[in-house]
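Accompanying notes for the structure given below.
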Amino acid sequence: MKTKIIKEDNVCLAYLPDSMRFFEVNEKTAGVIQAIENSYSKEEIMTMFDVSENDINKVNSLLQSGSKIPEKSQEQVNKEEFEGLEKLVLNISNSCNLRCKYCYANGGSYQSDENMMEVSVAKKALDVFFNKFEVIHMIQIFGGEPTMNMPLIHYICEYIAEKNENKEIKTRIGIVTNGTMIGEDFIQLVNRYQMQVTVSFDGVPLVNDMMRVYENGLGTSEVILKNIRKLKENTDQPSTIEVTYNENHIKNDVHIADIIQYIRSEFGEIPLHIVPAGGEQTCDFVLKNRDEFIQSVDDVFENPKKMHTYTYSLVQRVVNAFYTKRSSKYICAAGLAEYSISTLGEVYPCFMFTDDESLCIGSIFDEHLFESENFVKTVTRLENFNKTTIPECKECFIRRSCTGCLGINLLETKDVFTNSEVSCDMYRKMTERVIINLYKISKKECECDKSA
């Protein structure tokens, strides 16, 4: 991949995407790099930039060393199969007690009638997938609102606990809930089975009460905040608070930094997953632009010593990629390391595809599910839709650090196999900000070392 030149004020950085290294260069060197990569001859470059052949050779040598992917990272990039199944999602409730304004799932029922998954369906799904995969890292209980089907949550937890008795690699249990129906029974289950709880709450009461409402239109903040406190007092949960950042945050001057500050002041260091509201631009809640996410990178880095506290998922993923140098060629895990089961036992690559007939890949009641033509054809297509085959991804400078979401593709482009340019542009700009901020930190550390 070509070197990405990033400029800000008087700083010019050369970022080498293959090795994920970056360093400061002057304007002339940046020009030489671009000329070399655009196949200009040495003679042309010497004339254009008034440099010697030796200067060009030095830059060439630097580019060649920077194009080498570290050995451990190379294995990760070329890895064709995931180890076991990362996640199996059980959609146990096609019903919800809320009517969130941005709900892609049509009030929890998707495109079906309201219903609950029965024990027989859950057992069959778990049997089928545990027979297929030696390891399932996570069973995620989902909805609708899953706590409306507490008897089945009990059953799933007991099933997994029994499976784990003879397993070296234990299966974890997770649940995503709107946080309005957390009672003593739920708390006991969380403690007994070490459930990882994600609570949806839109960052601050003002906006949450506009977006996450009961059927009668009343806001939910008071109940959700009370229940998060109850969880905190009686368990080690929630493990995540999920925020859908939308246009009402912008209209009410609520920045991502404000959300982080509010959650930290109320609940301490609970990990935050903050994502932009997806959908068609005609929707009132969809962000008009993603500028706030780009600005949030600088806000997170404002105090490097507190960065581990004042951060959130989208920024942290990029930062982690630079430190670990690990990457995947896949856009996301849907259909490769993750599957979702509907209340009736239909199988989908992702829970966001539920009830989309064109994306259903089979049924748990088909004894030849994993060999069926539809399953094999769809999974093969998903496997082939990756960053080494998608034209716009091949030469993108964030290819090794980015993650995507096929569900967001579906929401924003109406096609799973068309990347959302809005999301891609946001991630590119966020990555540039991460690189600039990491450079500033490293430069400050060097200056401190020299003065010590």
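Residue numbering for the sequence shown follows the UniProt record's numbering, beginning at 1 and increasing consecutively.
Idealized CB from N, CA, C, for every residue including glycine.
Query                                                                                                              : Result
Paired residues, beta bridge with Pro88 - DSSP                                                                     : Residue identity check: residue 88 is Leu in the sequence provided, not Pro. In the DSSP output, where bridge partners are listed per residue, Leu88 has Ile139 and Tyr339.
Span of the alpha helix (DSSP H) around Thr378                                                                     : Glu373 to Asn384
Cβ neighbours of Val347 in the same chain (closer than 8 Å, five flanking residues each side left out)             : Tyr339, Ser340, Ile341, Cys360, Ile361, Gly362, Ser363, Ile364, Leu369 and Phe375
Alpha-carbon to alpha-carbon, Glu373 and Asp415                                                                    : 21 Å
Under the three-state DSSP convention, the category Arg428 falls into                                              : helix
For Met352 and Tyr104, believed in contact at Cβ under 8 Å, the rounded distance                                   : 6 Å
Nearest neighbour of Lys305, chosen from Lys394, Thr431 and Ile441 [CA to CA]                                      : Ile441
For residue 456, the nearest candidate out of Arg381, Phe322 and Lys325 (CA to CA)                                 : In the structure displayed, the chain extends from 1 to 452; residue 456 sits before or after that span and is not available.
Among Tyr15, Cys12 and Leu189, nearest to Ile153 - alpha-carbon criterion                                          : Leu189
Enclosing beta strand (DSSP E) for Glu269 [first to last residue]                                                  : No beta strand (DSSP E) contains Glu269, which DSSP labels as neither H nor E.
Start-to-end residues for the beta strand (DSSP E) that takes in Cys12                                             : Val11 to Leu16
Pairwise C-alpha distance: Leu13 and Val32                                                                         : 13 Å
Local conformation of Glu445 per DSSP, three classes                                                               : helix
Val243 in three-state terms, based on DSSP                                                                         : strand
Rounded separation between Glu158 and Ala122 - CA only                                                             : 12 Å
C-alpha distance - Glu432 paired with Tyr193, whole-angstrom precision                                             : 41 Å
Straight-line gap, Ile274 to Ser221 (C-alpha atoms, nearest Å)                                                     : 17 Å
Alpha helix (DSSP H) segment containing Arg229, residue limits                                                     : Ser221 to Asn234
Extent of the continuous alpha helix (DSSP H) to which Glu165 belongs                                              : Careful: Glu165 lies outside any alpha helix (DSSP H) and carries neither H nor E.
Assigned secondary structure, Lys4 (DSSP; H/G/I helix, E/B strand, else coil)                                      : strand
Between the CA atoms of Ile436 and Asp9 - distance to the nearest angstrom                                         : 11 Å
Beta-carbon separation (whole angstroms), Ser112 vs Asp298, contact threshold 8 Å                                  : Actually they are not in contact, since the Cβ atoms of Ser112 and Asp298 sit about 44 Å apart, beyond 8 Å.
Under the three-state DSSP convention, the category Leu438 falls into                                              : helix
Test item: CB-CB of Ile45 and Ala35 under 9 Å                                                                      : yes
Start and end residues, alpha helix (DSSP H) containing Arg192                                                     : Glu184 to Tyr193
Helix, strand or coil at Asn78 [DSSP, three-state]                                                                 : In this prediction, Asn78 scores a pLDDT of 43, lower than 50, which makes its location untrustworthy; the coordinate-derived value is nonetheless stated afterwards. Asn78 falls in the helix class under three-state DSSP.
Beta-carbon proximity check, Ile139 vs Thr180, cutoff 9 Å                                                          : no
DSSP state of Phe322 mapped onto helix, strand, coil                                                               : helix
Beta-carbon proximity of residue 473 to Phe201, cut-off 9 Å                                                        : In the structure displayed, the chain extends from 1 to 452; residue 473 sits before or after that span and is not available.
Close-in-space but distant-in-sequence residues of the same chain around Arg290 (CB under 7 Å, 5 per side omitted) : Pro276, Val422 and Met426
Contact under 9 Å by Cβ, Phe142 with Ile136                                                                        : no
Cβ-based burial, residue 453 [other Cβ within 10 Å; buried from 16]                                                : Any property of residue 453 remains undetermined from this structure, which presents the chain solely from 1 to 452.
Environment of Asn26 [buried if 16+ CB atoms lie within 10 Å]                                                      : exposed
Start-to-end residues for the beta strand (DSSP E) that takes in Ser200                                            : Gln196 to Ser200
Nearest to Arg212 (by Cα), restricted to the options Tyr245, Glu233 and Lys232                                     : Tyr245
Beta-carbon separation (whole angstroms), Asn234 vs Met210, contact threshold 8 Å                                  : Not really, about 30 Å apart at Cβ, beyond 8 Å.
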